[in-house]
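The structure appears below as structure tokens.
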Amino acid sequence: MLRAILPGSFDPPTNGHLNLIERSQRIYDEVYVVVAHNSQKSYTFDARERLEMMQELTAGWSTVHVHLWERMVVEFAQSVDARIMIRGVRALADFSYEFELSMLNKGLDPEIETIFMPTDAQYFVLRSSSIKELVRLGGDISTMVPPLVQQRLFERIPREF
1 MLRAILPGSF
11 DPPTNGHLNL
21 IERSQRIYDE
31 VYVVVAHNSQ
41 KSYTFDARER
51 LEMMQELTAG
61 WSTVHVHLWE
71 RMVVEFAQSV
81 DARIMIRGVR
91 ALADFSYEFE
101 LSMLNKGLDP
111 EIETIFMPTD
121 AQYFVLRSSS
131 IKELVRLGGD
141 ISTMVPPLVQ
151 QRLFERIPRE
161 F
């Protein structure tokens, strides 16, 4: 059985994230979406909220499993016997950062391979920080995030318009 993990903070989950998950679940037997939590990082949504949103958004895919993780993602991959780590990339800057992470992870476990998956073209510019800024300024984010996430963002982020 070919298992892959797709880690991220998912703060907030975007249509780009869902695109990567949808495409990954067609390739791998099982995909583990790993909602990463770093106590040193500031999030718009807490870990439980991000986990619940991702669980709801992926409920239609029986081979997709969503988990919260607070340690190294390599350890999660080992715990579910996954040998593939999927990382989404949008641009060269993403690739540089992700490449460095992949080398770090390879040093921690040489058996885990990182696969870089570019987002589909319509999700190319989706950045969580840009989406949050648009919400704050009263912009339309309906094509960037699922309706559930849009509603939660509007409830969470005060608008300045």
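Residues 1 to 161 (full-length UniProt numbering) make up the sequence shown, in order. Glycine included, each C-beta is placed from N, C-alpha and C at the ideal position.
Distance, residue j Cα to residue i Cα
| i | j | result |
| --- | --- | --- |
| residue 163 | Ser130 | Since the displayed the chain opens at 1 and closes at 161, residue 163 lies outside it and no answer follows. |
| Gln78 | Leu148 | 32 Å |
| Ala93 | Trp61 | 31 Å |
| Tyr32 | Thr14 | 17 Å |
| Pro7 | His17 | 10 Å |
| Lys106 | Ile112 | 6 Å |
| Glu100 | Glu30 | 26 Å |
| Phe95 | Arg159 | 33 Å |
Coarse secondary structure for residue i, derived from DSSP in three states
| i | result |
| --- | --- |
| Gly139 | coil |
| Glu113 | strand |
| Val145 | coil |
| Ala36 | strand |
| residue 166 | Given that the chain is displayed from residue 1 to residue 161, the structure contains no residue 166 and the question cannot be resolved. |
| Gly8 | strand |
N- and C-terminal bounds of the alpha helix (DSSP H) containing residue i
| i | result |
| --- | --- |
| residue 171 | There is simply no residue 171 to check, as the chain begins at 1 and stops at 161 in what is shown. |
| Met1 | Premise fails: Met1 is in no alpha helix (DSSP H) and is neither H nor E. |
| Met72 | Run containing Met72: none; DSSP gives neither H nor E here. |
| Ala47 | Ala47 to Leu57 |
Cβ separation of residue i and residue j, assumed to be a contact under 8 Å, to the nearest whole Å
| i | j | result |
| --- | --- | --- |
| Arg50 | Asp11 | 6 Å |
| His37 | Glu70 | 5 Å |
For residue i, the first and last residue of its enclosing beta strand (DSSP E)
| i | result |
| --- | --- |
| Arg159 | Note, Arg159: premise wrong, no beta strand (DSSP E); not H, not E. |
Q. Pairing CB atoms from the region 116 to 124 with CB atoms from the region 82 to 92, are three or more of them under 8 Å?
A. yes
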